[in-house]
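Heads up: the sequence shown begins at 7 in this note's numbering, then just goes up one per residue. Just so you know, even glycine gets a beta-carbon here, dropped at the ideal spot from N, CA and C. Since the structure is predicted, the reported quantities are computational estimates derived from the model, not experimental observations.
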Amino acid sequence: MMKCYDCMEMGKDSTAICVCISCGKGLCMDHTKQLEIPVTVGTPPDLKRLPNSLPRLVCNYCLNQIIEDGFD
Ligand SMILES: [Zn+2]
Ligand SMILES: [Zn+2]
């Protein structure tokens with residue numbers, strides 16, 4: 007069974023309930039961050055933004071990385 011990587015680093019032992027879509031490490035409920043990614047379809051200049059963004063599960067670390075990369 008997969009363990010939460012972030013808990014493991016803090017000396018805790020939690021079962022992972024999902025994996026980070028970005029780095030692939032196991033995460034427990036407490037360490038899972040939901041990232042709303044706007045979805046665009048089509049090719050330029052006919053880009054369309056879908057009304058519903060896709061919820062993605064990422065770890066804290068990757069969430070920060072994505073935000074620093076200029077994600078808005
Ligand atoms: Zn955890
Ligand atoms: Zn990650």
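Item	Value
Option in 60, 33, 38 with minimal Cα separation from residue 46	60
Beta bridge counterpart(s) of residue 24 as assigned by DSSP	33
Three-state secondary structure assigned by DSSP to residue 69	helix
Any non-hydrogen atom of ligand 1 closer than 7 angstroms to residue 26 Cβ	no
Closer than 7 angstroms: residue 47 CB and nearest ligand 2 heavy atom	no
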